[in-house]
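Peer 1: Have a look at this one.
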Amino acid sequence: MKQAVTTLGVSTRGQGLVEVTEPVARWLAGQGIETGLLTVFCRHTSASLVIQENADPDVRTDLERFFKRLVAEEPSLYDHTLEGPDDMPAHIRSALTSVQLSIPVLEGRMALGTWQGIYLFEHRTRPHSRQIVLHLLGE
Amino acid sequence: MKQAVTTLGVSTRGQGLVEVTEPVARWLAGQGIETGLLTVFCRHTSASLVIQENADPDVRTDLERFFKRLVAEEPSLYDHTLEGPDDMPAHIRSALTSVQLSIPVLEGRMALGTWQGIYLFEHRTRPHSRQIVLHLLGE
Amino acid sequence: MKQAVTTLGVSTRGQGLVEVTEPVARWLAGQGIETGLLTVFCRHTSASLVIQENADPDVRTDLERFFKRLVAEEPSLYDHTLEGPDDMPAHIRSALTSVQLSIPVLEGRMALGTWQGIYLFEHRTRPHSRQIVLHLLGE
């Protein structure tokens, strides 16, 4: 049984989903692990991780619009407004999704379904540099 | 330390929660692991996993109704409508819950609380055949 | 590779976030693990776990208020009402967040971002004694 860890940087262009499946899969492929568990961890409180459909791009924009409607960027609703009208909604959207995903590894690859892609979900309006930690355990 | 992996098929009857605690526990019991970590992973983007109360069945129907209200099946709200009015809401409900659960294993059993059951949450209107991957690590 | 497991008790004072980063970090520090994976698991269906900003306390109260608005304590909406008007909303809020977090361990510490704290999110109105299970794997 062995472990491997790395940190990936992800540049975002403001609110929206950034696919990270490919860089995660590429790192995994270099580790020589056939069977194991891969954990992806987002080190932020205003961005998160989701697994979503990787086919029709409309799915991503519909998802983004849903979260904008559900968690309004309306400062009168919040006390925490010093970091901008999008900051508290970003924290809430992060809590409604997740900052962590653990994915079984089979035959050297993530056991994702055919239509599943891994996305970093940026919840802030402005572009950010985000960090995700990858942890792999297996043999 | 050893690993075990399997895939379970879950038949759903349309929207709603299908308990999978029993088949997961049965598979775990056959692995001879006393202490470890069990990961359940749903290979879909329109079904997800939740841990919920396993006593009063009303909890499940209330939960289903809440998610139907929260994420309306109203095509005018979405661009991604080709796969039916329930498809985009299914993706959103999946993002609001989770496709992955990791549960510690103690004394050969999942460390679930007394009232916790594991459920596959089908978000599509029609019955589907779903797959969940189980990954176990421990000794 | 080795494992360690423990259970932590967390006393809540009714609805709201209780930070558990410190007791979790203290337990981890005593295990002698440099690199690994730490899983936190909440054994309840009316409390959950979130990672949130650990700086401005307004973030926590805003988050609590958001979930109170989103999941109304209005018995006419639910069938499961016998355990009080806050019980079914508590189950739903738990499903919207998560009962489990897995966090990579690097250099003997959780790989949390600067502003990330781990919180138990109590969803019931009255104080409760909650249990979280910690599972650590690494070397």
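From first to last, the protein sequence lines are chains A, B and C. Our numbering numbers the first residue of the first sequence as 1442 and each following residue consecutively. Our numbering numbers the first residue of the second sequence as 1442 and each following residue consecutively. Our numbering numbers the first residue of the third sequence as 1442 and each following residue consecutively. Using N, Cα and C, we set each Cβ at its ideal position, and we do this for glycine too.
Rounded to whole angstroms, what is the Cα-Cα separation between residue 1465 of chain C and residue 1481 of chain A?
Peer 2: 20 Å
Peer 1: If I follow the unbroken alpha helix (DSSP H) through residue 1480 of chain C, where does it start and stop?
Peer 2: First-last for residue 1480 of chain C: 1477 to 1483, but that is the beta strand (DSSP E), not the alpha helix (DSSP H).
Peer 1: Which of the residues in the segment 1510 to 1524 of chain B, read from start to end, lie with their CB under 9 Å from any CB of chain A?
Peer 2: 1511, 1512, 1518, 1519, 1520, 1521, 1522, 1523 and 1524
Peer 1: Does DSSP put residue 1464 of chain A in a helix, in a strand, or in coil?
Peer 2: helix
Peer 1: Quick one: which residues of the segment 1463 to 1488 of chain A get their C-beta closer than 9 Å to a C-beta of chain B? List them in chain order.
Peer 2: Using a CB distance below 9 Å, the part of the segment 1463 to 1488 of chain A facing chain B consists of 1476, 1477, 1478 and 1480, ordered along the chain.
Peer 1: Residues of the segment 1524 to 1540 of chain B with a CB closer than 8 Å to any CB of chain C: list them in chain order, please.
Peer 2: 1537, 1538 and 1539
Peer 1: Taking 7 Å as the threshold (beta carbon to beta carbon), is residue 1461 of chain A in contact with chain B?
Peer 2: At a cut-off of 7 Å between C-beta atoms, residue 1461 of chain A does not count as an interface residue with respect to chain B.
Peer 1: Between the Cα of residue 1560 of chain A and the Cα atoms of A/1546, A/1458 and A/1552, which residue gives the shortest distance?
Peer 2: For the residues A/1546, A/1458 and A/1552, the minimum Cα distance to residue 1560 of chain A belongs to A/1458.
Peer 1: What are the partner residues of residue 1550 of chain C, as DSSP defines its beta bridges?
Peer 2: C/1547
Peer 1: Are any of the Cβ atoms in chain B nearer than 7 Å to that of residue 1500 of chain A?
Peer 2: It does: the Cβ of residue 1500 of chain A has a partner Cβ on chain B nearer than 7 Å.
Peer 1: Touching or not, the segment 1508 to 1526 of chain B and the segment 1496 to 1511 of chain A, by the rule of three or more beta carbon pairs under 8 Å?
Peer 2: yes
Peer 1: Under 7 Å, Cβ to Cβ, is there at least one residue of chain C near residue 1574 of chain A?
Peer 2: For residue 1574 of chain A, at least one C-beta of chain C is nearer than 7 Å to its own C-beta.
Peer 1: Looking at the structure shown, is residue 1474 of chain A part of a helix, part of a strand, or coil, going by DSSP?
Peer 2: coil
Peer 1: Please state if the CB of residue 1485 of chain B and the CB of residue 1550 of chain B are separated by a distance shorter than 7 Å.
Peer 2: Result no, Cβ atoms of residue 1550 of chain B and residue 1485 of chain B do not sit closer than 7 Å.
Peer 1: Apart from the five residues just before and just after residue 1546 of chain C, which ones in its own chain have a Cβ nearer than 8 Å to its Cβ?
Peer 2: 1469, 1474, 1475, 1476, 1477, 1478, 1479, 1552, 1577 and 1579
Peer 1: Verify whether the separation of the beta carbon atoms of residue 1539 of chain C and residue 1575 of chain C is less than 7 Å.
Peer 2: no
Peer 1: Within 10 Å of its beta-carbon, does residue 1535 of chain B have 16 or more other beta-carbons around it, so buried, or fewer, so exposed?
Peer 2: buried
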